[in-house]
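>
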Amino acid sequence: MEGSKMKKMLLLISLILASIVLVACGGSGESNGDENGGSTAEGEVVQIDLAHAIAESDLTPHHGYARIFKEIIEEESNGEIEVTIHPNGVLGAERDLIEGAEIGTIDAIISSTSPLGNFADLPRVLELPYLFEDTDHFFDALETDFGEELNASIERDGTLKMLGWFEIGFWGYGNSVRPVTHPDDLEGLTLRAVENDVKQDWEVLVGANPTAMAFTEVFTSLQQGVIDGLGNPIPLFVANNFQEVTTHLSETDHFFQQGFMVMSPAFFDGLSEEHQNLVVESAIQATEDQREWVSDVQEQAFQAAVDNGVEVIRREDVDIEAFRALAEEFNAQYEDEFGDALETIKSLRE
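Here full-length UniProt numbering is used: the sequence shown runs in plain steps of one and ends on residue 350.
1. Compare the beta carbon distance of E127 and T105 with 9 Å and say whether it is the shorter of the two.
2. Under DSSP, the alpha helix (DSSP H) around V83 begins and ends at which residues?
3. DSSP three-state call for T220: helix, strand or coil?
4. One question on the structure: do A53 and A93 come within less than 9 Å of each other, judged by their Cβ atoms?
5. Per DSSP, what kind of secondary structure is V46 in: helix, strand or coil?
6. Who are the near neighbours of T159 in its chain, counting only those whose CB is closer than 6 Å to its CB and skipping five residues on each side?
7. Which of helix, strand or coil does DSSP assign to L163?
8. For Q333, does the count of other Cβ atoms within 10 angstroms reach 16, so buried, or fall short, so exposed?
9. What residue does the alpha helix (DSSP H) around V279 start on, and which one ends it?
10. Starting from N331, trace the alpha helix (DSSP H) both ways and give me its first and last residue.
11. Mapping DSSP to helix, strand and coil, what is R95?
12. Consult DSSP for I345 and reduce its assignment to one of helix, strand or coil.
13. Would you be able to state if there are at least three C-beta pairs under 8 Å between the segment 140-150 and the segment 296-307?
14. Have a look at E80 and L271 and give me their C-alpha separation to the nearest angstrom.
15. How about Q243 and N308: are their beta carbons less than 9 Å apart?
16. Using a Cβ distance threshold of 8 Å, determine whether the segment 210-221 contacts the segment 283-293, with at least three qualifying pairs required.
17. Pull up the CB-CB distance for V194 and G117, whole angstroms please, since I reckon it's below 8 Å.
18. Apart from the five residues on each side of it in sequence, which residues of its chain come closer than 7 Å, Cβ to Cβ, to Q47?
19. How many angstroms separate the CA atom of F138 from the CA atom of L342?
20. Only counting the same chain, and skipping five residues up and downstream in sequence, which positions put a Cβ closer than 7 Å to that of D336?
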């Protein structure tokens, strides 16, 4: 936690220094403001610092979305907006990044939904197992009243500016003990756990021993046998080279992992109306483009695991119905908390 605070402090100092330089160099320029948005000095290039905590890799959905957003907005703004991507958690873990966007020490961030339960209740429903049949099912749900409520719960009365969603992918289980084709195969396995009570409770139900640890510690922990394996979206499994320290990878599809992009409201409000519109439109377009991109990435990830000697068990060889039966039992305990949301999501399956 101390390291996280230090990163935030260093970033804040750097932003203050950058502001001083901009005032000194461009303070005499004419303003190009408007009634509804902030103002940008004439000829000034708007710089957006966009951070995520995942590996900088061609197989990483987070970085893929960031690159696509950067390409779109820099082209559409004719160079008036430039994006600098800060990957690999250099500005903090996902929870740290969300907090940084809240207080304005980071312009914009990309994260999985897993840490959102620490900030709002409704996003926790997204963590339930076997909730979505496929990616279309999730994005269809976003078009309903549930989607509007979900976005509002993340923004929390202006604490964050919600910009867009993207696909990270379905989870599988990787480990170095045995192939996983049935829930019973998880019995007794020590698995890395994310900072999310729903996902941890699921792994307890299937008989595993969830062990919380930072994502940056996973590779070494697998290498040293501190943990047996982990559940993870398939592209992230390979992007972080976990295929080098595990022997089995199963396509269980037990969670569908979403990602989102938010911006500091203070930063967004400081943009001109034209630039605000460009930010929103570019994020929406990036969602569409990233969905096409990530479908190819999933298959590349499976092939990379095979090429590294990992035994890959595809979905058709997994007893999905046994997993689903447990998921129905598990999800039932959340009906009082998320009844309306669950009803909406279930109705879209029909």
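Backbone N, C-alpha and C fix where the C-beta goes; we use that ideal spot for every residue, glycine too.
On the basis of the coordinates in this document:
1. no
2. Run containing V83: none in the alpha helix (DSSP H); it sits in the beta strand (DSSP E), 81-86.
3. helix
4. yes
5. strand
6. E102
7. strand
8. exposed
9. 273-307
10. 320-332
11. helix
12. helix
13. no
14. 12 Å
15. yes
16. no
17. Incorrect: roughly 10 Å between the Cβ atoms, too far for contact.
18. E82, T84
19. 12 Å
20. none
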